[in-house]
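J.:
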Amino acid sequence: MKNTAIKENHLYGKAYTKGKSQAGKYVVVYILKDTKNSRFVKADPCHRPLNRLGWSVGKKIGGAVERSRAKRLLRESYRLIEKEKGTLLSHGYLLILAARVRINGAGCQQVREDIEKSMIKLGILAKTEPAPETTDKK
RNA sequence: AGAGUCAGCCGAAUGGUCGCAGCCCUUCGGGGAUGAGGAAAGUCCGAGCAUCGUACGGCAGAGUGACGGGUAACGCCCGCUGAAGGCAACUUUAAGGACAGUGCAACAGAAAUAAACCGCAGUAUGCAAAAUACUGUAAGGGUGGAAAGGUGUGGUAAGAGCACACCGGCAAUUCGGCGACGAAAUUGGCCGUGUAAACCCCACUUGAUGCAAGAAGAAACAGAUAGUUUGCCCGACUUGUUUCGAUUCGCUUGAGCAUAUCGGUAACGAUACGCCUAGAUAGAUGACCAUUUAAGACAGAACUCGGCUUACAGACUGACUCUACCG
RNA sequence: GGCUCCAUGGUCAAGCGGUUAAGACUCAGGCCUCUCACGCCUGCUACUCGGGUUCGAAUCCCGAUGGAGUCA
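And the structure:
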């Protein structure tokens, strides 16, 4: 996950201005189609496109303790989504998760549900019912 | 029993499943041990380390300020002295110098550093009184943070440390203490405000910049004009400027930690034995469950140490003081 | 992570340790005008917080809080 994280500042700017966004209760999700991800596709042994992930946790959230906590919640939530519903998730996007002030005091479960809702509205996460391919492994 | 003072210590633990960071092992399937704090914070001091020019050249500037010790060093700590506060345990204390010099002291008040406005007394003018002028006088007077040692007696024209007694303060000598300083006695003279966290004087310390320091690259341009070093002087040195790039090192074994003994009132030191305890670079500690009644404070390492300051739920330990009651 | 600076009414801003802390804009009331604006008069609101030095602190010193800048 570390190698695929968004490190370039200009990609953040691009995603904010050109991408689509959806605000939830705790998190704002920005997405943008990733056009230059070929080197990550080659690196992957299965040659599948990946979602590149970025976090945005501003000074507004609080001190170092609150900011670290928010980052961990976002990372863990995405990890659980990827693990349990990876087959339903569309890939090949730049995905930015921006924390809102209300994330202080929220639990992992709440944040995860919030992200899932936003993803469904943005159309990159399919609903659970129409799951056609069950043979796809891990 | 109540009220209080001081010091120290802890700051969730254990187990299971999934996940993260660097390290080690690997039969490349995986496995193993380790992984935030007492303040990691503020960046207020002191050091290590690095670069510059070698750093104990001078001036300026900055800092510190009773004494003795501890320490790598300090503006820190320990002990002790003085002062202030508290019935006490104890606490606080930037605590050198105001006879080197300069400045300031608003308002009030006669007068603010040495003072004559009122008052008191004498002399002259005047028959006298009153008044005026001169002289002496700090005992009395409203003010003020501060008014020139305090009280009493003598003394005097009126007064005054002018003299004496007691008290207070200062200086010298003797005594005790390593010292700051303390105690008593004798002698001296009557002793002229506050402010140095105002300038300043004295003593001591201090080169500057900071890991984004710095080392290891590439290209272009200019070339002894100048540039660098500290504010300046002196002295010294020689390629410099700009752009691109973001990898490796610096990067964690250190004035380190734990235990025991010895020395010291203590801070701390010495010796012996044992241990290795985060090292990232979009930046690692999380999710779910179980048990302990409940898991709840302040808060997250970024080159590293020693202190200081500030924030902090709750829990524990020890020493001491005062008051009341009982014996 | 290192370094540097700032804080005075609602806003901008002056202030040699000493009066009741200048001034401008805003706001409120009044005057002027047929009415509005301009103008004139009056008023309301402040020294970031806690200690210390001093007779006396917005000012000097120490600590805290908040804000800003800078170094790739």
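With this note's numbering applied, the first sequence corresponds to residues 3 to 140, in that order. Each residue gets a CB set at the ideal place from its N, CA and C atoms; glycine is no exception. Fair warning: this is a prediction, and the values are worked out from it, not measured in the lab.
1. May I ask you to report which of helix, strand or coil DSSP gives Ala-133?
2. In angstroms with no decimal places, state the Cα-to-Cα distance between Lys-16 and Gly-109.
3. For Thr-89 and Leu-82, what's the separation of their Cα atoms in angstroms?
4. Helix, strand or coil: how does DSSP classify Gly-107 here?
5. How many whole angstroms separate the CB atoms of Ser-79 and Arg-54, which I take to be in contact at a CB cut-off of 8 Å?
6. List, from N- to C-terminal side, the alpha helix (DSSP H) runs of 4 residues or more that fit wholly inside the stretch 44–89.
7. Using beta-carbon positions only, say whether Ala-101 and Leu-127 come within less than 8 Å of one another.
T.: This is what the structure gives:
1. With a pLDDT of 41 at Ala-133, under the threshold of 50, the modelled position of this residue cannot be trusted; read the value that follows with caution. DSSP, reduced to helix, strand and coil, places Ala-133 outside both helices and strands of the structure shown, so it counts as coil.
2. Using only the alpha carbons, I get a separation of about 30 Å.
3. Thr-89 and Leu-82 have their C-alpha atoms roughly 13 Å apart.
4. coil
5. So it is not a contact: roughly 17 Å between Cβ atoms.
6. 66–87
7. no
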